[in-house]
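**Student:** In this note's numbering, the protein residues as written are 18 to 152. Don't be surprised by glycine CBs; every beta carbon is placed ideally from N, CA and C.
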Amino acid sequence: MNRGPSIVTGSTEEAATSNFKHHTDLMRRYCLALDLKNDPKLIREYEAHHRAVWPEIVESIHSSGIESMEIYRVQNRLFMIMEVNDQFSFEVKGKADAANEKVQEWEQLMWKYQEAMPGAKPGEKWMLMEKIFQL
18 MNRGPSIVTG STEEAATSNF KHHTDLMRRY CLALDLKNDP KLIREYEAHH
68 RAVWPEIVES IHSSGIESME IYRVQNRLFM IMEVNDQFSF EVKGKADAAN
118 EKVQEWEQLM WKYQEAMPGA KPGEKWMLME KIFQL
C-alpha cells in the first residue's frame, strides 16, 4: 500500500515556518509530528532503523534542500525539526519521493512502525505543527 510522500502536510508551509540565521544564510525551520504504534518492541526497531538510515534516504533528504533534520520521541509521539534552504518545497520533495523506488521502499518499511495521528487525512503521515509561541 503506497502511503504517498514521506512528508504530507496538514496546513500551509507558512504556518509552521520561522526564519533564523544559520551560517549567515536565511533558513526556514519546520516542525512536524507523527505517532508510532504504541509497542515497545516496534519502537526499538524503529529507532534501530534510524541509527542506520540507508544512504539513498540521506541523499534524498539533502538533495531536496533539507540542510538538517532531527527527530525526537516522547512515548510514541515523534517530533521532527527540519531546517531547509531556499530550494526546498514540500510539493517538489513529495514528487521526488514518489518517483524514488528506494524512498518508497523505506516509507513502506517505516509504515510498519508509524500510525496516523488523530485528525490526519487518509495517507497523511508527518503533520506540520503550528508555532504558537516564541521567546
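Quick one: Cα of Ile74 to Cα of Glu147, how far?
**Tutor:** Roughly 26 angstroms between the two C-alpha positions.
**Student:** Could you check which residue in Gln131, Gly82 and Pro57 has the C-alpha nearest to that of Glu108?
**Tutor:** Nearest C-alpha to Glu108: Gly82.
**Student:** So Phe107 is in the alpha helix (DSSP H); what residue range does that whole segment cover?
**Tutor:** Phe107 to Ala116 is the span of the alpha helix (DSSP H), which, as asked, contains Phe107.
**Student:** Could you tell me how far apart the beta carbons of Asp52 and Arg90 are, in whole angstroms, since I believe they sit closer than 8 angstroms?
**Tutor:** No, Asp52 and Arg90 are not in contact; Cβ-Cβ is about 10 angstroms, not under 8 angstroms.
**Student:** How many Å lie between Ser106 and Ile78 at the Cα?
**Tutor:** If you take the alpha carbons of Ser106 and Ile78, they lie about 12 angstroms apart.
**Student:** Spell out the partners DSSP gives Arg61 in its beta bridges.
**Tutor:** Note: Arg61 sits in no beta bridge, so no partner.
**Student:** Using a Cβ-Cβ cut-off of 7 angstroms (strictly less than) and excluding sequence neighbours within five positions of Met134, which residues of its own chain qualify?
**Tutor:** Around Met134: Ala50, Leu51, Asp52 and Met144.
**Student:** Can you tell me which of Gly111, Met86 and Phe150 puts its alpha carbon nearest to the alpha carbon of Met99?
**Tutor:** Checked all of Gly111, Met86 and Phe150; the closest Cα to Met99 is Met86.
**Student:** Assign Glu7 to one of two classes, buried (16 or more other C-beta atoms within 10 Å of its C-beta) or exposed (fewer than that).
**Tutor:** The structure shown does not extend to residue 7, since the chain is modelled only from 18 through 152, so no value can be given for it.
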